[in-house]
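Enquirer:
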C-alpha cells in the first residue's frame, strides 16, 4: 500500500460511509446552497485532508478542489462538495464559490502550481483570505511576493515539535523547551519576511541581512539563558565582546 | 536557486562563519572528546537542520550524519561534528559515538532508508532513544513496528497550525481552536498506535478498527461542542440515535 492513496482508502472504507449523502442530495455541479460552506480547500493530500477534517469535526464544511478524478466520489461522501480539475482555472474557482467564500486553503504540494493558484485567487478574489502551505523558505518568499501573508512551511512545526521533545530529553524543563521553540519559530518567521524581497535580487544584501538575522536569534537565546540560569556561556558571550546590560 | 541547497548556501555564507573552528580543532575523523556532544542527527535537510539549530542556540551540540559530501565542511563550520556517508552503516554509527549518545534524531527523508537505520540503531544501540521523522501514517506504522515510539509525521503539525488559524478566522476563539487541534492530534496519534499492528494484516479488522477511531473522534468533538455551546448539532447527533448522558 503506497502512502498517498491510503488517505483515500481510509476515507472510502471508513470515514466516507459515515457521511453518505441522502438520496437527492446536491451533486458536484450544483450551486452552493448555503453560506456555511464557506471554506475552499485546494489539494486534499496529507496536508489539506487534516485541515478539512479538523474543520469538519468542528462543524465547518468545505468545498474541495482536487486534481485526482478517482477521489471525487470519496470526498463527496465525506459531506464535502468536490470539484475535480485544475484549481488554477478561473471557471472552477467561480463554480466552487470563491466569490462568496470566507477562506481559501491553498494546500497543493506542487510549488509552481501553488504560486499560479495564489496569483489567480489574489487577482480575481482580492478579498478572499488565503492560508497557504509552503514547501520551504523559497516557496514562502515567493508566496509573500504575490501577496499571501499566512504561510505554513510544511515541515517546520513538526521539526519544532521534535525539537521540544529533544530539549526535554536532554533535561530542559517542558515549559522552557516549548518557549524556546516558539521563540525560534517567531524569529524564523520574521526572518523569512525580512528576506522575502531580497533573496533573488542583490546577493550581497541578501546574505548580509540573513547574517544579521542569525546574530539576532543567537543573541536572543544567549540573553534568555543568562536570565534563566545566571549562566555565562563562553560560546555565546566571548569575554572580549562588550555587551549591553 | 533550488529549495534544498538554500539551507547550505545560507549556512555557508551566513551561519557557518560564526562558528568557524579554531586552528587545530578536531576534524571529522577524530574521536568525540566530551560528553556534551550527545545528540546524533541523521539527515540535515529541512527537518534535521531545524532540530540542530534549536539544540545549538540552546547550548547543545550535535554530531551530524549526512549523505551529501559537499556539505561536510559547511556543517563542520557550524560547530557540528559531521560524518559523511550512509548512516545505516554500523561503523559510521560507532564512529559518530552512538554507543555514548543520549539521543538519536532520525531525520532522513527516504522512508526505506529511515526504516533500515531505525532497525540498525535499535539492534546495536538498544538503549539509545530515537526521535524519528515520518513521511506519513504508513511510515509511522512501520517505525512503530521496529520499536520506535517517538514519531513526528512531517506535515502533521504544520497542517494543524493552519487548522487553528482557519478556525479562528471562522470565528472560533483562539483558546478553543488551539484546544481542538491538540485534541485532534492526540486522538490521531492514538489511532496511529492502535492501527500500527493491523494495517498490513487482516484488511477487515484494520478497517473496522479505523472506523471505530473515526467514530470516537466525532463523538469526542460532538460532546465538546454540546458542552461548550449547549448546542444540539443535528449532523452529529441525529434525533433517532440514543446517546448516553
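Chains as they are written, first to last, in this note's numbering: chain A, 1 to 245; chain B, 246 to 490.
Note that beta-carbon positions come from the ideal geometry of N, C-alpha and C, so glycine has one too.
Could you tell me which residues DSSP pairs with residue 150(A) in its beta bridges?
Expert: As a working mapping, residue 150(A) is identified with position 150 in the first chain. Residue 150(A) pairs with 131(A).
Enquirer: Does residue 303(B) get closer than 8 Å to chain A when you measure Cβ to Cβ?
Expert: Counting from one through the second chain, the residue named residue 303(B) turns up at place 58. It does: the Cβ of residue 303(B) has a partner Cβ on chain A nearer than 8 Å.
Enquirer: Using a Cβ distance threshold of 8 Å, determine whether the segment 82 to 92 of chain A contacts the segment 52 to 69 of chain A, with at least three qualifying pairs required.
Expert: They touch, by the three-pair rule.
Enquirer: Decide yes or no for the touch test of the segment 290 to 301 of chain B against the segment 150 to 168 of chain A: beta carbon pairs closer than 8 Å, at least 3 of them.
Expert: Judged by Cβ distances under 8 Å, the segment 290 to 301 of chain B makes contact with the segment 150 to 168 of chain A, as three or more pairs qualify.
Enquirer: Quick one: does residue 470(B) have its CB under 8 Å from some CB of chain A?
Expert: Locating residue 470(B) in the second chain gives position 225, counting from the first residue. By this cut-off, residue 470(B) is an interface position.
Enquirer: Can you confirm whether the segment 393 to 407 of chain B touches the segment 141 to 160 of chain A when touching is taken to mean that 3 or more C-beta pairs between the two stretches lie within less than 8 Å?
Expert: At 8 Å Cβ cutoff, the stretches touch.
Enquirer: For the segment 398 to 413 of chain B, which residues have a CB atom closer than 9 Å to at least one CB atom of chain A, in sequence order?
Expert: Answer in chain order: 398, 399, 400, 401, 402, 403, 404, 405, 406, 407, 408, 409, 410, 411, 412.
Enquirer: At a Cβ threshold of 8 Å, is residue 212(B) touching chain A?
Expert: Because chain B is modelled from 246 through 490, residue 212(B) falls outside the range shown and cannot be assessed.
Enquirer: For the beta strand (DSSP E) containing residue 138(A), name the first residue and the last one.
Expert: Taking the first residue of the first chain as position 1, residue 138(A) is located at position 138. Unbroken run through residue 138(A) is the alpha helix (DSSP H), 137 to 145; no beta strand (DSSP E).
Enquirer: Cα separation between residue 103(A) and residue 40(A)?
Expert: As a working note, residue 103(A) is residue 103 in the first chain. As a working note, residue 40(A) is residue 40 in the first chain. Roughly 6 Å between the two C-alpha positions.
Enquirer: Determine the extent of the beta strand (DSSP E) in which residue 311(B) is found, giving its start and end residues.
Expert: Looking up residue 311(B) in the second chain gives position 66. That run of the beta strand (DSSP E) goes 307 to 311.
Enquirer: Quick one: does residue 344(B) have its CB under 8 Å from some CB of chain A?
Expert: If you number the second chain from 1, residue 344(B) lands on position 99. By this cut-off, residue 344(B) is not an interface position.
Enquirer: Under 8 Å between the Cβ atoms of residue 128(A) and residue 117(A)?
Expert: Reading the first chain from its first residue, position 128 is the one you call residue 128(A). Reading the first chain from its first residue, position 117 is the one you call residue 117(A). Not closer than 8 Å, so no.
Enquirer: Any beta carbon from chain B within less than 8 Å of residue 51(A)'s own beta carbon?
Expert: Within the first chain, residue 51(A) is the residue found at index 51, counting from 1. Yes, because at least one Cβ of chain B sits closer than 8 Å to the Cβ of residue 51(A).
Enquirer: Hey, which unbroken runs of the beta strand (DSSP E) at 3 residues or more fall wholly within the segment 44 to 117 of chain A?
Expert: Whole beta strand (DSSP E) segments, 3+ residues: 62 to 66, 81 to 84, 103 to 106.
Enquirer: Got a sec: is the Cβ-Cβ distance from residue 395(B) to anything in chain A below 8 Å?
Expert: In the second chain, residue 395(B) corresponds to position 150, counting from 1. With 8 Å as the cut-off, residue 395(B) counts as an interface residue toward chain A.
Enquirer: Within the 8 Å Cβ cut-off, does residue 241(A) reach chain B?
Expert: Residue numbering aside, residue 241(A) sits at position 241 when the first chain is read from its first letter. Because the pLDDT at residue 241(A) is just 37, under 50, the model does not fix this residue reliably, and the value given afterwards should be weighed accordingly. It does not: the Cβ of residue 241(A) has no partner Cβ on chain B nearer than 8 Å.
Enquirer: Residue 366(B) versus chain A: which residues are under 7 Å apart at the beta carbon?
Expert: Here residue 366(B) refers to the residue found at position 121 of the second chain. In chain order: nothing, as chain A lies at least about 15 Å away.
Enquirer: Taking only beta-carbon atoms, is residue 170(A) less than 8 Å away from chain B?
Expert: Position 170 of the first chain, counting from 1, holds the residue named residue 170(A). Yes, residue 170(A) lies at the interface with chain B (some Cβ there is under 8 Å from its Cβ).
Enquirer: Can you tell me which of 292(B), 427(B), 378(B) puts its alpha carbon nearest to the alpha carbon of residue 395(B)?
Expert: By one-based count along the second chain, residue 395(B) stands at place 150. Per the Cα distances, 378(B).
Enquirer: Compare the beta carbon distance of residue 360(B) and residue 387(B) with 8 Å and say whether it is the shorter of the two.
Expert: By 1-based counting over the second chain, the position of residue 360(B) is 115. By 1-based counting over the second chain, the position of residue 387(B) is 142. For residue 360(B) and residue 387(B), yes; Cβs fall inside 8 Å.
Enquirer: Are the C-beta of residue 338(B) and some C-beta of chain A separated by less than 8 Å?
Expert: In the second chain, residue 338(B) corresponds to position 93, counting from 1. Cβ-Cβ to chain A under 8 Å: no for residue 338(B).
Enquirer: Can you find the residues in the same chain that come closer than 8 Å, C-beta to C-beta, to residue 120(A), ignoring five residues on each side of it along the sequence?
Expert: As a first step, residue 120(A) must be located in the first chain, where it is residue number 120. Same-chain partners within the cutoff: 88, 90, 93.
Enquirer: Within 8 Å of any Cβ in chain B, is that where the Cβ of residue 102(A) sits?
Expert: Here residue 102(A) refers to the residue found at position 102 when the first chain is read from its first residue. Yes, contact with chain B.
Enquirer: Is there at least one Cβ from chain A nearer than 8 Å to residue 291(B)'s Cβ?
Expert: As a working note, residue 291(B) is residue 46 in the second chain. It does; some Cβ of chain A falls within 8 Å.
Enquirer: Identify the residues that DSSP records as bridge partners of residue 39(A): which are they?
Expert: To locate residue 39(A), count along the first chain from 1; it is residue 39. DSSP, once it has assigned bridges, lists 62(A), 103(A) as partnering residue 39(A).
Enquirer: Within the same chain, show all residues whose beta-carbon is closer than 6 Å to that of residue 462(B), passing over the 5 residues directly before and after it, in chain order.
Expert: In the second chain, the residue the question calls residue 462(B) occupies position 217. Excluding positions up to five away in sequence, the list reads 432.
Enquirer: Enumerate in chain order the residues of its own chain whose CB-to-CB distance from residue 317(B) is below 6 Å, with the five nearest sequence positions on each side excluded.
Expert: Locating residue 317(B) in the second chain gives position 72, where the first residue counts as 1. Taken in chain order, the residues that qualify are 327, 329.
Enquirer: Closer than 8 Å by beta-carbon distance: list the chain A residues that pair up with residue 350(B), in chain order.
Expert: Within the second chain, the letter at position 105 stands for residue 350(B). Ordered by position in chain A, the residues that pass the 8 Å Cβ test against residue 350(B) are 162, 166.
Enquirer: Just to confirm, are residue 147(A) and residue 122(A) a CB contact at a threshold of 8 Å?
Expert: Counting from one through the first chain, the residue named residue 147(A) turns up at place 147. Counting from one through the first chain, the residue named residue 122(A) turns up at place 122. For residue 147(A) and residue 122(A), yes; Cβs fall inside 8 Å.
Enquirer: In chain order, what residues of the same chain lie with their CB nearer than 7 Å to the CB of residue 136(A), ignoring the 5 residues before and after it?
Expert: Counting from 1 along the first chain, the entry for residue 136(A) is found at position 136. 153.
Enquirer: Cα separation between residue 221(A) and residue 305(B)?
Expert: As a working note, residue 221(A) is residue 221 in the first chain. As a working note, residue 305(B) is residue 60 in the second chain. Taking the straight line joining both Cα atoms gives about 12 Å.
Enquirer: Quick one: list the residues of chain A neighbouring residue 426(B), beta-carbon separation under 7 Å, in chain order.
Expert: In the second chain, the residue the question calls residue 426(B) occupies position 181. Within chain A, the residues near residue 426(B) are 54.
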